[in-house]
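Q: All residue numbers for the sequence shown refer to my numbering, where the first residue is 308 and numbers rise by one. Ideal Cβ positions, reconstructed from N, Cα and C, are used throughout, including at glycine. Supplied in structure tokens, the structure appears directly below.
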Amino acid sequence: ITFWQFDRSTLDDIEVKSRIVREREVRVSGVPTVVLEVDGRDEKRGLSLGSRLTAAGVALEMTVGPGFKLVLEEESVAKNPSLQVPDLYRLAVVPADKPLGRPDDVKRLRLALEGLPEAAGTSDARQSRSDGGVLDVRRIACADVPSTPLADAERTKYLEATPFIDHGAPSVHARLASVTDGPGRAERLSRLVTGALRYTLATAPMTASAIFEGGAGDCTEYARALVALLRAGGIPAREVSGMAWSGDGEPGFAFHAWAEAYVTTPGESAGRWCALDPTWNQVTLDATHIALSRDDPTAIIGLLGGVKARILEIER
Numbered sequence: 308i309t310f311w312q313f314d315r316s317t318l319d320d321i322e323v324k325s326r327i328v329r330e331r332e333v334r335v336s337g338v339p340t341v342v343l344e345v346d347g348r349d350e351k352r353g354l355s356l357g358s359r360l361t362a363a364g365v366a367l368e369m370t371v372g373p374g375f376k377l378v379l380e381e382e383s384v385a386k387n388p389s390l391q392v393p394d395l396y397r398l399a400v401v402p403a404d405k406p407l408g409r410p411d412d413v414k415r416l417r418l419a420l421e422g423l424p425e426a427a428g429t430s431d432a433r434q435s436r437s438d439g440g441v442l443d444v445r446r447i448a449c450a451d452v453p454s455t456p457l458a459d460a461e462r463t464k465y466l467e468a469t470p471f472i473d474h475g476a477p478s479v480h481a482r483l484a485s486v487t488d489g490p491g492r493a494e495r496l497s498r499l500v501t502g503a504l505r506y507t508l509a510t511a512p513m514t515a516s517a518i519f520e521g522g523a524g525d526c527t528e529y530a531r532a533l534v535a536l537l538r539a540g541g542i543p544a545r546e547v548s549g550m551a552w553s554g555d556g557e558p559g560f561a562f563h564a565w566a567e568a569y570v571t572t573p574g575e576s577a578g579r580w581c582a583l584d585p586t587w588n589q590v591t592l593d594a595t596h597i598a599l600s601r602d603d604p605t606a607i608i609g610l611l612g613g614v615k616a617r618i619l620e621i622e623r
């Protein structure tokens with residue numbers, strides 16, 4: 308069976324293919340019940356999906372990738388505070404085999420990501436991917452990034468307003484007006500976002516205008532707010548989803564988000580894509596920032612709980 312599912316986070320229709328792999332009778336709350344076991348796949352993200360359904364279509368269990376499982380329980384069980392459930396923060400960390408020390412000091416990092424799908428992990432001026440999920444990441448200043456032409460279609464795409472990147476809103480333009488034009492404007496806009504927002508893991512709005520109005524968010528909101536400011540200022544920009552070092556206490560990489568701006572230097576025919584992290588106030592990203600996807604912040608869902616990192620080389 309092939310069907311389309313609307314994704315409210317990207318406003319896209321996602322193609323999902325599924326098939327019944329087994330039918331059997333089990334007891335549900337003591338009652339003999341025919342249960343269908345269904346395997347599915349999100350074709351866009353290469354994400355495995357699974358479910359156990361009654362013949363009437365009631366979902367008893369659903370799995371999303373290797374990290375998430377939803378189980379239908381009685382209310383008293385679901386709300387039992389003593390119930391052992393996975394720590395979602397730990398689930399969102401890719402464990403590493405050794406500590407790195409201060410990430411700010413890392414100029415180059417070579418690592419192997421076990422379980423990383425072939426489609427994940429970008430290759431550009433900052434990082435390259437080779438066989439076996441091995442990535443080589445380096446810290447590189449914007450001025451040292453090689454220039455590359457930007458096609459008209461891409462320029463239009465990365466300047467346009469979207470339902471979430473609503474850069475025509477007054478709350479966005481009010482911030483933009485406080486930053487002067489000229490060289491270094493993208494970096495100044497990034498630092499503006501750093502100072503304008505307060506970091507929180509609480510639920511935050513999805514539109515850039517509401518993010519500025521609320522003044523808080525996590526890395527996703529910081530990145531989206533910066534992309535909106537950049538586009539409002541005529542600088543092509545895009546969101547990046549990836550991961551960055553979360554600390555040596557429990558060595559690993561936390562899933563993270565930042566932005567890329569297409570910066571043009573006067574007198575040059577082509578510009579360069581420069582990475583900016585307003586959450587951590589970095590305008591030259593350290594080499595622990597590993598890009599996994601662009602434009603789709605939900606692309607990393609299928610990696611949760613399924614990837615491990617092995618550090619191969621560290622250069623400081």
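Please indicate yes or no: does the CB of R445 lie closer than 6 angstroms to some heavy atom of the ligand HEM?
A: In the structure on display, the ligand HEM does not appear, and there are no ligands present to speak of.
Q: With DSSP as the reference, please indicate the residues paired to F471 in a beta bridge.
A: Note: F471 sits in no beta bridge, so no partner.
Q: How about L442 and G428: do their beta carbons lie closer than 7 angstroms?
A: For L442 and G428, yes; Cβs fall inside 7 angstroms.
Q: Thinking C-beta only, is W552 closer than 7 angstroms to G402?
A: Note on identity: in this sequence residue 402 is Pro, with Gly being the wrong assignment. Not in contact: P402 and W552 (Cβ atoms no closer than 7 angstroms).
Q: In whole angstroms, what separates the C-alpha of A616 from that of D412?
A: 19 angstroms
Q: Which value, in whole angstroms, describes the spacing of the CA atoms of T469 and V341?
A: 45 angstroms
Q: For R623, count the other beta carbons within 10 Å of its own beta carbon; 16 or more makes it buried, fewer makes it exposed. Which is it?
A: exposed
Q: Taking only runs of the beta strand (DSSP E) that begin and end inside the segment 537 to 602, which ones reach a length of at least 3 residues, in chain order?
A: Taking only runs of at least 3 residues, the beta strand (DSSP E) segments lying wholly in the segment 537 to 602 are 544 to 554, 559 to 570, 579 to 583 and 597 to 601.
Q: Straight-line CA distance for G502 to G521?
A: 13 angstroms
Q: Can you check whether the CB of S358 is closer than 7 angstroms to the CB of V345?
A: yes
Q: For L367, I'd like the list of residues in its chain whose CB is within less than 6 angstroms of its CB, leaving aside the five on either flank, ordered along the chain.
A: R359 and L379
Q: Using three-state DSSP, classify I321 as helix, strand or coil.
A: strand
Q: Could you tell me which of A515, V547, P558 and A523 sits nearest to A539, measuring between CA atoms?
A: A515
Q: Among S336, I518 and P543, which residue has its Cα nearest to the Cα of E382?
A: S336
Q: Looking at V479: is its Cβ nearer than 7 angstroms to the Cβ of A535?
A: Contact: yes.
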